[in-house]
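Reviewing the structure listed below.
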Ligand SMILES: Cc1ncc(COP(=O)(O)O)c(C=O)c1O
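Right, dumping it as structure tokens:
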């Protein structure tokens with residue numbers, strides 16, 4: 011085919027979405043007729059001055075929507091009935107760049123995709139639709155009223171069973187509260203714990219930590235006390251030196267370093283909590299994704315009176331569902347439920363019934379099994395490509411999760427390397443904004459959205475760009 015005009019505003023961000031939108035318009039307006047062959051992704055990428063991965067993403071989106079068909083050997087074509095497809099709901103592209111952190115604070119700009127974002131093109135739409143349909147056709151009308159702010163009983167029961175089976179948690183459905191993700195769960199529990207103290211709650215946090223959580227923790231009344239993380243996870247001995255009343259940890263897969271809390275440290279953490287009466291807030295954000303062995307059970311199962319477990323479907327399904335859970339000792343769970351009733355009266359009910367059905371019918375387990383295999387392939391491909399083409403970069407942490415932690419050689423500018431990596435289609439974030447104390451340059455890089463066959467090209471893209479500029 012001849013030239014293809016696709017209007018693009020590089021400064022606006024969301025370039026893949028802009029390309030998809032331009033192609034959709036061309037198909038609807040008849041400029042691209044059914045059966046018409048599209049340029050190879052490589053050629054269109056060159057024409058538009060973008061990386062090939064961005065064009066691949068746009069094509070994949072339109073294949074998923076039914077506008078394009080892609081066959082091995084015959085490239086990508088406009089689908090026969092494409093012009094008659096309904097208009098998709100317009101979605102504004104993510105705008106990169108958020109409010110900067112205040113001087114001297116952990117925080118920083120927001121990027122297009124988080125390093126921990128799952129591959130949202132793999133969201134199990136058909137099976138989720140079946141669960142939503144089931145919920146809508148079976149749930150009695152009264153169940154759509156204001157309900158228990160702690161969540162619908164059917165979902166609490168399903169989740170309690172799931173967490174006992176998969177995370178070795180010690181859960182009674184009465185002590186499980188449905189929340190809008192780990193973020194809201196932590197907010198609520200901290201509000202409750204901080205309410206009793208005039209000067210807020212002294213909360214130990216891992217250093218480095220998830221910088222996006224920091225404003226949330228402070229807003230909920232926490233005074234943060236950073237404690238270093240090393241290759242065994244949180245330095246638990248450091249807790250004894252601080253007057254912390256609670257600690258927030260990611261034991262199964264520390265964010266961002268990717269290390270697992272060692273057995274000795276797990277025992278020491280529980281001992282500290284029991285001796286001091288402090289709470290451990292366990293952020294179990296991506297624990298289902300362990301690739302080299304079965305995941306370690308959650309800490310909450312070891313000390314249910316001391317540990318508050320929080321998790322969500324954000325990594326397994328999609329963050330946009332805003333569905334998660336909190337498991338806490340009975341008194342605290344009741345207080346969190348009350349706090350939720352005073353805040354916004356609970357989570358959307360139909361989605362809760364749908365998730366209960368999805369869990370009960372095995373859809374969740376099946377999706378996790380498929381994605382675990384896929385993410386493992388993607389991680390292996392990225393790690394392999396780095397070892398071959400950029401051996402000076404060291405991958406730290408266990409084989410798990412949706413992101414890898416890359417130690418860069420001393421003197422490298424992590425902000426610039428992250429920008430180059432993003433230009434090559436990787437969700438890469440510099441680690442400096444996640445640190446309280448300075449450390450060596452590093453990146454958190456998401457591999458969940460980088461198909462295995464594109465990993466080498468992406469890594470080579472970084473290498474080529476780096477050789478074109480001085481990055482330290
Ligand atoms: C370490 C960590 N904890 C928690 C969350 C938030 O999860 P949720 O979507 O369940 O609020 C994220 C999200 O990126 C995360 O990276």
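In my numbering, the protein residues as written are 11 to 482. Just so you know, even glycine gets a beta-carbon here, dropped at the ideal spot from N, CA and C.
- In terms of Cβ geometry, residue 444 and residue 266 form a close pair [threshold 7 Å].
- Put simply, the backbone Cα of residue 466 is about 11 Å away from that of residue 400.
- Short note on residue 152: C-beta not closer than 6 Å to any heavy atom of ligand 1.
- Comparing C-alpha distances from residue 311 to each of 129, 170, 52 and 386 shows the shortest one belongs to 170.
- Relative to the non-hydrogen atoms of ligand 1, the Cβ of residue 124 comes within a distance shorter than 6 Å of at least one.
- The stretch 377-395 makes contact with the stretch 450-466, as at least three CB pairs between them are under 8 Å.
- If you draw a straight line from the Cα of residue 433 to the Cα of residue 25, it comes to about 11 Å.
- Between ligand 1 and residue 30, a heavy atom-to-CB distance of less than 6 Å is absent.
- The beta carbons of residue 179 and residue 211 sit no closer together than 7 Å.
- Annotation for residue 190: no beta strand (DSSP E) segment contains it, and DSSP assigns it neither H nor E.
- Here the alpha carbon of residue 83 sits roughly 21 Å from the alpha carbon of residue 56.
- Relative to ligand 1, the beta carbon of residue 265 is positioned inside 6 Å of a heavy atom.
- Assignment of residue 168 by DSSP, reduced to helix, strand and coil, places it in the helix class.
- Proximity of the stretch 226-240 to the stretch 341-357 falls short of the contact definition, fewer than three beta-carbon pairs being nearer than 8 Å.
- With a cutoff of 6 Å, residue 293 counts as near ligand 1, since its C-beta is closer than that to a heavy atom of the ligand.
- Excluding five sequence positions before and after residue 204, the CB atoms of its chain that fall closer than 8 Å to its own CB belong to 210, 211, 230, 231 and 232, given in chain order.
- When the beta-carbon positions are compared, residue 418 and residue 452 come within less than 7 Å of each other.
- For the pair residue 314 and residue 333, the Cα-to-Cα distance works out to about 22 Å.
- A distance below 6 Å between beta-carbons, with the five flanking residues on each side excluded, links residue 173 to the following residues of its chain, in chain order: 179 and 181.
- A residue is called buried when at least 16 other Cβ atoms come within 10 angstroms of its Cβ; residue 15 does not meet this threshold and is exposed.
- Look at the beta carbons and you see the stretch 340-348 not touching the stretch 214-225: under three pairs across the two are nearer than 8 Å.
- Between residue 162 and the set 364, 468, 131 and 139, the nearest pair of CA atoms involves 364.
- In the three-state reduction of the DSSP assignment, residue 77 falls in the coil class, being assigned neither a helical nor a strand state.
- Here residue 183 has 166, 167 and 170 as same chain residues with Cβ atoms under 6 Å from its own Cβ, once five neighbours each way along the sequence are excluded.
- Beta-carbon to beta-carbon, residue 58 and residue 18 are separated by about 6 Å, close enough to satisfy the 8 Å threshold.
- Cβ neighbours of residue 133 within its own chain (closer than 7 Å, five residues either side excluded): 327 and 328.
- For residue 86, the enclosing beta strand (DSSP E) starts and ends at 85-88.
- Annotation for residue 329 indicates a beta carbon within 6 Å of some heavy atom of ligand 1.
- By the Cβ-count criterion, residue 148 is exposed, with fewer than 16 other Cβ atoms from all chains shown falling within 10 Å of its own Cβ.
- For residue 235, no alpha helix (DSSP H) segment is defined; the enclosing uninterrupted segment is the beta strand (DSSP E) at 232-240.
- Counting only the Cα atoms, residue 295 lies some 7 Å from residue 322.
- For residue 264, the closest C-alpha among the options 427, 157, 307 and 218 is that of 218.
- When secondary structure is reduced to three states using DSSP, residue 184 falls in the helix class.
- Ligand 1 approaches residue 322 closely enough that one of its heavy atoms is under 6 Å from the residue's Cβ.
- Annotation for residue 318: the continuous beta strand (DSSP E) segment containing it runs 317-322.
- Close CB contacts of residue 259 within its chain, under the 8 Å cut and outside five residues either way in sequence, are with 216, 243, 244, 271, 279, 290, 291, 292, 293 and 309 (chain order).
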